[in-house]
Every structure is written in structure tokens, then in C-alpha cells.
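> Residue numbers (UniProt numbering): 1 to 237.
(1) Using C-beta distances below 6 Å, list every residue in its chain close to residue 85, excluding the 5 sequence neighbours before and after it, in chain order.
(2) Which one of 58, 142, 213 has the shortest CA to CA distance from residue 203?
(3) Between residue 162 and residue 136, what straight-line distance do the alpha-carbon atoms span, to the nearest angstrom?
(4) Regarding residue 195 and the ligand GDP, is the C-beta to nearest heavy atom distance less than 6 Å?
(5) Please report how far the alpha carbon of residue 227 lies from the alpha carbon of residue 172, in whole angstroms.
(6) Which residues in the same chain have their Cβ closer than 7 Å to the Cβ of residue 96, if we skip the five residues on either side of it in sequence?
(7) As a quick exercise: from 15, 233, 134, pick the residue whose alpha carbon is nearest that of residue 170.
(8) Given a cut-off of 7 Å on the beta-carbon distance, is the pair residue 13 and residue 69 in contact?
(9) Let me know the secondary structure DSSP gives residue 89 once reduced to three states.
(10) Assuming residue 199 and residue 168 are in contact, meaning their beta carbons sit under 8 Å apart, how far apart are those beta carbons, in whole angstroms?
(11) Report the rounded CA-to-CA distance for residue 195 versus residue 58, giving the unit in angstroms.
(12) Once the 5 residues before and after residue 34 are set aside, which same chain residues still bring their CB inside 7 Å of it?
(13) Quick one: is residue 64 buried, meaning 16 or more other Cβ sit within 10 Å of its Cβ, or exposed?
(14) With 16 as the cutoff for other CB atoms within 10 Å, does residue 98 come out buried or exposed?
(15) So what does residue 232 bridge to, in DSSP terms?
(16) In this structure, how does DSSP classify residue 166 when only helix, strand and coil are distinguished?
(17) At which residues does the beta strand (DSSP E) containing residue 37 begin and terminate?
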């Protein structure tokens with residue numbers, strides 16, 4: 001039997017929410033800071049010691065040491081081997097592993113942290129992460145890639161393709177607040193926002209260009225044929 005491809009495994013670990021999976025099976029984890037806690041299902045206990053970390057999509061029990069990803073969870077709760085667990089998860093997802101949608105709270109929290117350090121690279125990566133998730137959830141953008149023969153999940157993930165859905169401002173802090181002003185000023189400095197506050201790459205597929213792990217350029221291609229200019233780059237200094 002052939003080995004399960006790594007990208008198939010990583011797609012499950014990255015895109016299938018462990019927290020949602022656990023809740024769907026009748027458990028009710030309680031929020032504790034950025035994490036969730038519940039009584040461990042792998043041993044008897046009175047004080048909940050199993051922690052679920054949504055940001056990492058992992059679990060860990062401080063009582064018995066059980067830990068791992070959603071695949072590990074399914075293996076141990078369903079009594080399945082690794083391959084069977086992967087196939088079971090995919091079957092439960094209708095054969096298609098659907099990406100976890102990006103949340104405004106998560107992006108806003110991320111951008112707030114980035115602005116604290118006023119680090120342009122970190123800010124750019126936060127925006128690219130947002131655009132990347134927006135692409136996966138925008139049918140018209142995916143249809144455009146499909147028309148170009150580029151609608152391939154591995155290609156999209158490998159090159160971190162994204163889509164500027166014109167909603168970046170909506171996940172930032174309110175314009176009149178100090179945090180909102182700082183966020184927008186930083187994104188104007190990076191070139192992501194125009195002086196007017198509108199997104200520079202609005203309506204465009206975005207392709208980040210990296211050099212030694214640093215984003216040195218972003219190429220944008222507008223998907224509407226009537227939009228000009230069709231080809232965009234980060235504005236120069």
C-alpha cells in the first residue's frame with residue numbers, strides 16, 4: 001500500500017479544526033485565555049487537565065501526557081491506525097478538507113502584535129496570511145485561477161497565493177481609535193494601503209516574492225478584465 005503524501009497529511013493538520021471536531025462529538029471544552037480545557041478522555045480525572053490550543057491545532061493532557069494533532073486524536077478515540085484515521089477524517093469532511101476560515105479576531109490580534117514592534121516584514125506576513133485565507137474562501141478568485149490552470153491547493157499553499165478581497169479594513173481596529181490609526185499608518189508605510197485608506201491590491205490575486213524568507217515584493221493581478229492597471233506591485237519609496 002502506498003504511503004500517504006505529506007501534503008495530504010499536513011492539509012488535514014492545518015485545515016481541520018481540532019476544537020470543532022471535539023465539540024461536534026458532544027464535548028464542551030471551556031475557554032481559558034487563548035486555549036480551551038476539558039476533562040481528558042484518555043484517563044479518569046476530576047480536574048480538567050486536557051488543553052486544546054486552536055492556534056496550533058493541537059491538544060495536550062497534563063495528567064496522562066496524551067498529546068498530538070487531530071489525526072492522533074482520531075486514532076486514539078476511534079481505535080484506528082494512522083491511514084484509517086486520515087481516511088476517516090477526509091470522509092467526515094465529505095472527501096474535501098475545507099480550510100479553516102480566517103477570523104477577524106485572529107487577524108486583528110496578529111496585526112496588533114505586529115504593529116507593536118513596527119516591523120514591516122511581520123506586518124506584511126500578517127496581511128499575506130489574511131489574503132491567503134481570503135483566496136481560499138472567494139469563489140470568483142478561485143474561478144479565475146481555474147481559468148488559468150492554477151487552481152491547485154498545493155500550488156496555492158506552496159507559493160502562498162492570496163486575494164485582496166477589499167475587506168482588510170474591516171478587520172482592523174476602528175479608524176478613530178489609536179490602535180486603528182497605528183495599524184493603518186503601518187500598512188500605508190508597507191504599501192498595502194494607499195494614502196486614501198483603500199487597499200493597493202484591491203480585487204487582485206497577490207503573489208508574494210521572498211528572498212531568504214523576507215517578502216521583498218508583492219505582485220498583484222486584477223481578476224476583472226476592465227480594471228486598470230491589471231498588473232500591480234508594491235509602490236516604491
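Even glycine gets a Cβ: it sits at the ideal position worked out from N, Cα and C.
Predicted, not measured: the structure shown is a model, and the values here were computed from it.
So, to answer that:
(1) Within the chain shown, numbered from 1, the residue matching residue 85 stands at position 85. Excluding residues within five positions, the ones whose Cβ falls inside 6 Å are 71, 74, 75.
(2) Position 203 of the chain shown, counted from the start, is the residue given in the question as residue 203. It is 142.
(3) Start at 1 with the first residue of the chain shown, and residue 162 comes out as number 162. Start at 1 with the first residue of the chain shown, and residue 136 comes out as number 136. Between residue 162 and residue 136, the C-alpha separation is close to 8 Å.
(4) By its list of ligands, the structure shown contains no ligand whatsoever, and the ligand GDP lies outside what it can speak to.
(5) Taking the chain shown and counting its residues from 1, the one referred to as residue 227 is at position 227. Taking the chain shown and counting its residues from 1, the one referred to as residue 172 is at position 172. So the two alpha carbons sit approximately 26 Å from each other.
(6) Locating residue 96 in the chain shown gives position 96, counting from the first residue. Per-residue confidence for residue 96 stands at a pLDDT of 47, beneath the threshold of 50, marking its modelled position as unreliable; no derived number is given.
(7) Reading the chain shown from its first residue, position 170 is the one you call residue 170. Of 15, 233, 134, the residue nearest in Cα terms is 134.
(8) The residue given as residue 13 occupies position 13 in the chain shown. The residue given as residue 69 occupies position 69 in the chain shown. Against a cut-off of 7 Å, the Cβ pair of residue 69 and residue 13 comes out as a contact.
(9) By one-based count along the chain shown, residue 89 stands at place 89. Helix at residue 89.
(10) In the chain shown, the residue the question calls residue 199 occupies position 199. In the chain shown, the residue the question calls residue 168 occupies position 168. About 5 Å separates the Cβ atoms of residue 199 and residue 168, confirming a contact at the 8 Å cut-off.
(11) Translated into positions along the chain shown, residue 195 becomes position 195. Translated into positions along the chain shown, residue 58 becomes position 58. Distance between the alpha carbons of residue 195 and residue 58: 41 Å.
(12) As a first step, residue 34 must be located in the chain shown, where it is residue number 34. Excluding residues within five positions, the ones whose Cβ falls inside 7 Å are 55.
(13) In the chain shown, counting from the first residue as 1, residue 64 sits at position 64. Classification of residue 64: exposed, given that the 10 Å Cβ count is below 16.
(14) In the chain shown, the residue the question calls residue 98 occupies position 98. Here residue 98 scores only 46 on pLDDT, less than 50, and its place in the model should not be relied on; the value that follows carries that caveat. Result: exposed.
(15) As a working note, residue 232 is residue 232 in the chain shown. Residue 232 is bridged to 220.
(16) The sequence position of residue 166 within the chain shown is 166, counting from 1. Residue 166 falls in the coil class under three-state DSSP.
(17) As a first step, residue 37 must be located in the chain shown, where it is residue number 37. Residue range 35-38 is occupied by the beta strand (DSSP E) that includes residue 37.
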